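One structure is given here, and the rest of the page talks about it.
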Amino acid sequence: MILVTGGAGFIGANFVLDWVAQSDEAVINLDALTYAGNRENLVSLAGDERHLFVQGEIGDSALVARLLAQHQPRAIINFAAESHVDRSIHGPEDFIQTNIVGTFRLLEAVRAYWNGLQGEDKPSFRFLHVSTDEVYGSLSKDEPAFSETNRYEPNSPYSASKAASDHLVRAYHHTYGLPVLTTNCSNNYGPYHFPEKLIPLMIVNALAGKSLPVYGDGRQIRDWLYVKDHCSAIRRVLEAGNAGEVYNVGGWNEKANIDIVHTVCALLDELRPREDAKKYCEQIAYVTDRPGHDRRYAIDASKIERELGWKPAETFDTGIRKTVQWYLENQSWVANVQSGAYREWVEKNYTGRVA
Ligand code: NAD
Ligand code: DAU
Numbered sequence: 001m002i003l004v005t006g007g008a009g010f011i012g013a014n015f016v017l018d019w020v021a022q023s024d025e026a027v028i029n030l031d032a033l034t035y036a037g038n039r040e041n042l043v044s045l046a047g048d049e050r051h052l053f054v055q056g057e058i059g060d061s062a063l064v065a066r067l068l069a070q071h072q073p074r075a076i077i078n079f080a081a082e083s084h085v086d087r088s089i090h091g092p093e094d095f096i097q098t099n100i101v102g103t104f105r106l107l108e109a110v111r112a113y114w115n116g117l118q119g120e121d122k123p124s125f126r127f128l129h130v131s132t133d134e135v136y137g138s139l140s141k142d143e144p145a146f147s148e149t150n151r152y153e154p155n156s157p158y159s160a161s162k163a164a165s166d167h168l169v170r171a172y173h174h175t176y177g178l179p180v181l182t183t184n185c186s187n188n189y190g191p192y193h194f195p196e197k198l199i200p201l202m203i204v205n206a207l208a209g210k211s212l213p214v215y216g217d218g219r220q221i222r223d224w225l226y227v228k229d230h231c232s233a234i235r236r237v238l239e240a241g242n243a244g245e246v247y248n249v250g251g252w253n254e255k256a257n258i259d260i261v262h263t264v265c266a267l268l269d270e271l272r273p274r275e276d277a278k279k280y281c282e283q284i285a286y287v288t289d290r291p292g293h294d295r296r297y298a299i300d301a302s303k304i305e306r307e308l309g310w311k312p313a314e315t316f317d318t319g320i321r322k323t324v325q326w327y328l329e330n331q332s333w334v335a336n337v338q339s340g341a342y343r344e345w346v347e348k349n350y351t352g353r354v355a
């Protein structure tokens with residue numbers, strides 16, 4: 001049995017779906033169901049005994065202690081977080097509460113549980129913390145990609161809160177010996193991505209005839225990884241990573257935002273041409289830049305490849321095509337997420353078990 005936190009969000013839900021597709025080992029999924037958590041993502045698991053959904057906070061120490069005592073997981077994978085940089089700029093409080101205080105409380109509950117494990121269960125236990133490349137700050141055009149030894153220079157309230165959580169995880173290993181693993185990944189994209197983030201927002205706005213807001217000059221660079229490749233990296237680190245180690249995860253796919261937007265527009269021109277025969281890129285609108293906007297992220301993923309033999313399966317071309325196709329085929333998912341009606345829909349249609 002493993003425990004996943006934040007498994008109703010974008011990456012967590014992809015992880016849980018892939019896990020159940022590949023393993024008979026059960027998953028407890030602890031998720032607070034914030035605006036970003038969506039049980040509709042997990043509807044294909046309804047009635048599946050291997051998935052146990054629990055609505056709750058990682059910072060609820062009593063709940064977490066009860067779940068650990070009851071289910072005795074061999075590993076915990078911590079996806080739960082506030083994840084959107086723009087929201088962290090408008091309102092940092094939730095980021096401090098979940099990403100820092102929540103992770104701290106989770107670590108405390110896990111430490112108590114791990115202390116009580118006997119025999120081989122104790123050294124083989126793992127706490128895998130899912131983090132981000134944003135903790136390393138921003139790169140200039142010619143600097144080498146982030147390696148695991150780069151210093152932490154977080155620039156947004158979001159990245160600062162993730163950096164703090166990474167430091168706590170590290171300290172729990174160093175001080176208490178808790179067998180932790182940390183992954184720092186680049187920008188993900190793929191199915192179930194909430195349409196407040198660049199790629200899904202562009203797809204959804206384009207189809208709705210709305211403008212495509214590009215921040216600043218649009219030349220900021222991100223390093224893109226298809227979400228299923230991030231999930232396979234996490235499974236690999238969980239299986240073979242060394243306790244206390246950090247692994248950077250990325251797809252060697254540096255792209256400027258404006259090029260991403262043009263790629264999405266071109267795919268939509270091909271797969272769902274506008275009725276007026278104009279090009280989707282005509283909807284692009286340059287808007288005021290994000291405050292403190294990081295210019296460039298790039299991940300050096302050579303350690304995970306060298307030590308654990310992990311490599312992404314998708315290129316950007318294959319991954320982005322799959323992603324655009326997924327959004328075209330799942331427009332009711334988008335409508336539900338946007339309207340908030342998915343919560344009612346899930347109440348009526350989802351019959352998953354609650355602990
Ligand atoms: P998301 O915002 O889509 O999902 C977060 C999930 O966590 C939601 O289901 C939400 O309900 C849940 N949650 C929030 N607060 C909680 C709490 N207090 N207790 C329990 N559950 C809570 O985020 P995502 O994009 O799937 O990111 C998942 C993790 O991966 C985060 O830790 C993020 O920092 C990290 N990450 C994301 C990316 C990316 O590109 N999206 C890249 C690298 C790392
Ligand atoms: O690098 C990993 C990080 O990637 C994760 O840790 C975060 O959780 C995740 O949200 C993501 O952060 P970004 O800020 O890079 O992602 P976002 O999709 O918000 O923006 C990507 C780039 O696109 C960024 O340079 C800002 C720009 N952008 C974004 C939006 C939403 C626009 O130009 N227009 C937009 O409307």
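At position 346 of the sequence shown the residue is numbered 346 (the UniProt record's numbering), and the sequence of numbers has no breaks.
All C-beta atoms in this analysis are idealised placements derived from N, C-alpha and C, irrespective of residue type, glycine included.
The structure presented is a predicted model; accordingly, all values stated were derived computationally and were not measured.
Should residue i be labelled buried (16 or more other beta-carbon atoms within 10 Å of its own) or exposed?
i	result
Leu56	In the sequence on display, residue 56 carries Gly and not Leu. By the neighbour-count rule (16 or more Cβ atoms within 10 Å), Gly56 is buried.
Asp31	buried
residue 365	Residue 365 lies beyond the range of the chain shown here (1 to 355); nothing can be said about it.
Asp44	As written in the sequence, residue 44 is Ser, which differs from the Asp given in the question. Counting Cβ neighbours within 10 Å, Ser44 comes out exposed, since fewer than 16 surround it.
Ala62	exposed
Tyr176	exposed
Trp19	buried
Gly12	buried
Ala160	buried
residue 357	The first residue shown for the chain is 1 and the last is 355, placing residue 357 beyond what the model contains.
Tyr280	buried
Val85	buried
Thr318	exposed
Pro144	exposed
Ser140	exposed
Thr103	buried
Val354	Reliability fails at Val354, whose pLDDT of 45 lies under 50, so the model's placement of it is uncertain and the value that follows must be treated cautiously. Label assigned to Val354: exposed.
Measure the beta-carbon distance from residue i to residue j and round it to whole angstroms, keeping in mind my assumption that it falls under 8 Å.
i	j	result
Phe146	Asp300	6 Å
Ile304	Val214	Contact doesn't hold; Cβ gap of about 32 Å is too wide.
Lys162	Ser131	5 Å
Ile4	Leu42	What sits at residue 4 in the sequence shown is Val, not Ile. That pair is no contact at about 11 Å.
Phe125	Arg170	Between Arg170 and Phe125 the Cβ distance is about 17 Å, and since that is not below 8 Å, they are no contact.
Trp224	Phe316	6 Å
Asp240	Pro179	Looking at the sequence itself, residue 240 is Ala, so the reference to Asp does not match. Ala240 to Pro179, Cβ: 13 Å. No contact.
Ala256	Ile284	Rounded, the Cβ-Cβ distance is 13 Å, inconsistent with contact.
Glu120	Asn99	Contact flag wrong, Cβ pair sits at about 32 Å.
Val337	Asn38	6 Å
Asn184	Val135	6 Å
Val334	Pro195	6 Å
Ser165	Gly251	So it is not a contact: roughly 23 Å between Cβ atoms.
Ile234	Ile77	7 Å
Ala36	Gly7	Actually they are not in contact, since the Cβ atoms of Ala36 and Gly7 sit about 12 Å apart, beyond 8 Å.
Under the DSSP definition of a beta bridge, which residues are partnered with residue i?
i	result
Asp229	According to DSSP, which records beta bridges pairwise, Asp229 is partnered with nothing at all.
His173	For His173, which the question treats as bridged, DSSP gives no partner whatsoever.
Asn187	Trp224
Glu254	Asp223
His129	Asn78 and Thr182
Leu212	Ile284
Asp31	Gln55
Arg296	Ile221
Ile2	Val27 and Ala75
Tyr247	Thr183
Can you give me the Cβ contacts of residue i inside the same chain, cut-off strictly under 7 Å, excluding the 5 residues immediately before and after it?
i	result
Asp157	The sequence given here has Pro at residue 157, not Asp. So the list reads Ser88, Ile89, Pro92 and Phe95, once near-sequence residues are dropped.
Leu117	Phe125
Asn14	Gly190, Pro191, Tyr192, Val227, Lys228 and Cys231
Trp114	Lys122, Phe125 and Leu178
Tyr172	Leu107, Arg111, Leu178 and Val180
Lys311	Glu305
Does any CB atom of chain B fall closer than 8 Å to the CB of residue i?
i	result
Glu148	The structure shown has no chain B; it contains just one protein chain.
Leaving out five residues before and five after residue i in sequence, what residues of the same chain have Cβ atoms less than 8 Å from its Cβ?
i	result
Arg272	Leu207 and Leu328
Leu267	Ile320, Arg321 and Val324
Met202	Leu212, Ile260, Val261, Val264 and Cys265
Gly292	Ile89, Asn155 and Ser156
Ala69	Tyr113
Arg105	Ile58, Gly59, Asp60, Ser61 and Val64
Asp24	Arg50
Keeping to the same chain, check which residues put their C-beta closer than 6 Å to that of residue i; ignore five residues upstream and five downstream.
i	result
Val246	Glu148 and Thr182
Asn205	Leu212
Gly352	Only weak support exists for where Gly352 lies, its pLDDT of 47 falling under 50; the value from the coordinates is given anyway. For Gly352, where only same-chain residues beyond five positions count, the Cβ hits under 6 Å are Ala46 and Phe53.
Leu308	Arg236 and Ala240
Pro200	His193
Arg50	Val20 and Ala26
His71	Met1 and Ile28
Glu153	Gly137
Arg306	none
Arg295	Ser138 and Gln220
Tyr286	Val214
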